[in-house]
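Data block below; observations after.
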Amino acid sequence: GQQVMQIPQYQHVQEGEDFTTYCNSSTTLSNIQWYKQRPGGHPVFLIQLVKSGEVKKQKRLTFQFGEAKKNSSLHITATQTTDVGTYFCAGLQGTYKYIFGTGTRLKVLA
Amino acid sequence: EAQVTQNPRYLITVTGKKLTVTCSQNMNHEYMSWYRQDPGLGLRQIYYSMNVEVTDKGDVPEGYKVSRKEKRNFPLILESPSPNQTSLYFCASSLLRVAGMSYTFGSGTRLTVV
């Protein structure tokens with residue numbers, strides 16, 4: 002079945018450094034979503050990408066959808082301690098089912 | 005406030021003792037789903053429901069049951085829990101639409117089976 006892998010699994014960065022997590026699918030995705038889960042919390046929807054090569058920005062966060070629609074990335078510029086958490090991508094399989102990636106846990110050292 | 009409410013937040017139980025985790029949403033969402041979260045494995049779907057009386061297996065359904073008798077409620081039932089079901093469970097709901105569904109998650113239920 003379709004799998005969605007994320008790398009890295011963990012990332013520690015100094016506050017102010019940049020951070021990137023990558024999401025790779027074994028099959029073409031109709032669209033992809035990103036979620037953030039704060040420590041002890043639940044996943045919260047961040048954004049959805051639909052078009053091939055699409056790039057969206059939310060303040061310091063930049064989201065990209067690959068040209069082949071099989072991969073995506075989330076880049077955070079100048080991390081802050083408020084960025085800590087686990088970031089999940091979720092790729093659309095079929096019409097209604099999203100497959101979640103394995104997640105990347107980010108720790109930001111002050 | 006629009007939300008998905010799960011109960012309980014924490015539960016410790018013994019092997020074989022039936023339990024139910026409740027999930028309720030107040031957003032009139034058609035789609036509801038249960039996930040379990042385990043380290044290194046991300047969020048894996050257990051069961052989902054596209055509307056009242058319509059449920060289907062996700063990727064890891066063994067050992068679980070669900071029901072959808074009302075639109076707002078989607079309980080998760082463990083008839084005979086085992087230690088390998090120790091996990092963090094999330095209920096999620098969404099409008100059902102082809103253009104894209106964004107999930108609203110509950111706060112989670114941390115289950116320990118001893």
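Protein sequence lines correspond, in order, to chains A and B. Using the working numbering, you'd call the opening residue of the first sequence number 2 and step up by one each time. Using the working numbering, you'd call the opening residue of the second sequence number 5 and step up by one each time. For every residue, glycine included, the Cβ atom is placed at its ideal position computed from N, Cα and C. Treat the numbers as computed from the prediction; the structure is a model and nothing was measured.
**Asked** With 8 angstroms set as the bound, which would you pick, yes or no: does the beta-carbon of Tyr107(B) sit closer than that to a beta-carbon of chain A?
**Response** As a working mapping, residue 107(B) is identified with position 103 in the second sequence. Output row for Tyr107(B): interface = yes.
**Item:** Those residues which DSSP pairs with Ser74(A) across a bridge
**Value:** Taking the first sequence and counting its residues from 1, one reaches residue 74(A) at position 73. In DSSP, Ser74(A) forms a bridge with Tyr23(A) and Gln65(A).
**Request:** Would you please verify whether the beta carbon of Asn1(A) is less than 8 angstroms from any beta carbon of chain B?
**Result:** With chain A covering only 2 through 111, there is no way to say anything about residue 1(A).
**Request:** Within its chain, find whatever has a CB closer than 6 angstroms to the CB of Gln41(B); leave out the 5 residues flanking it on each side and keep chain order.
**Result:** By one-based count along the second sequence, residue 41(B) stands at place 37. Once the five neighbours on either side are set aside, the close Cβ partners of Gln41(B) are Leu47 and Leu92.
**Start and end residues, beta strand (DSSP E) containing Ala96(B)** = Counting from 1 along the second sequence, the entry for residue 96(B) is found at position 92. Where Ala96(B) is concerned, the enclosing beta strand (DSSP E) stretches over Ser91 to Ser98.
**Message:** Spatial neighbours of Glu57(B) within its chain, please: C-beta separation below 8 angstroms, excluding the five flanking residues on both sides.
**Reply:** As a position in the second sequence, residue 57(B) is number 53, starting the count at 1. These residues qualify, in order along the chain: Arg72 and Lys73.
**Message:** Taking only three categories from DSSP, how would you classify Asp63(B)?
**Reply:** Within the second sequence, the letter at position 59 stands for residue 63(B). If DSSP states are grouped into helix, strand and coil, Asp63(B) belongs with coil.
**Message:** With a threshold of 6 angstroms on Cβ separation, who are the neighbours of Val51(A) within its own chain once the five nearest residues in sequence on each side are excluded?
**Reply:** Within the first sequence, numbered from 1, the residue matching residue 51(A) stands at position 50. Around Val51(A): Asn32.
**Message:** According to DSSP, simplified to helix, strand and coil, what is Pro87(B)?
**Reply:** As a first step, residue 87(B) must be located in the second sequence, where it is residue number 83. Here Pro87(B) sits in helix by DSSP.
**Item:** Beta-carbon neighbours of Leu94(B), restricted to chain A and to distances below 9 angstroms
**Value:** On the second sequence, residue 94(B) is found 90 positions in, with the first residue counted as 1. The question names Leu, but residue 94(B) in the sequence shown is Phe. Going along chain A in sequence order, the residues near Phe94(B) (Cβ under 9 angstroms) are His43 and Pro44.
**Request:** Starting from the Cα of Arg61(A), find the closest Cα among Lys98(A), Ala79(A), Ala111(A) and Cys24(A) and give me that residue.
**Result:** What you label residue 61(A) is simply residue 60 of the first sequence in a count that begins at 1. Here the closest residue by C-alpha is Ala79(A).
**Message:** With a threshold of 8 angstroms between beta carbons, is Ser111(B) in contact with chain A?
**Reply:** For the purposes of this step, residue 111(B) is taken as the residue at position 107 of the second sequence. At least one chain A Cβ lies under 8 angstroms of Ser111(B).
**Request:** Report yes or no: is there a C-beta of chain B within less than 8 angstroms of the C-beta of Thr22(A)?
**Result:** Here residue 22(A) refers to the residue found at position 21 when the first sequence is read from its first residue. So no, Thr22(A) is outside the interface.
**Stretch-stretch touch, CB-based, cutoff 8 angstroms, three pairs: the region 5 to 22 of chain B with the region 7 to 26 of chain A** = no
**Prompt:** Does any CB atom of chain A fall closer than 8 angstroms to the CB of Tyr35(B)?
**Reply:** On the second sequence, residue 35(B) is found 31 positions in, with the first residue counted as 1. For Tyr35(B), the answer is yes, since a Cβ of chain A falls inside 8 angstroms of its Cβ.
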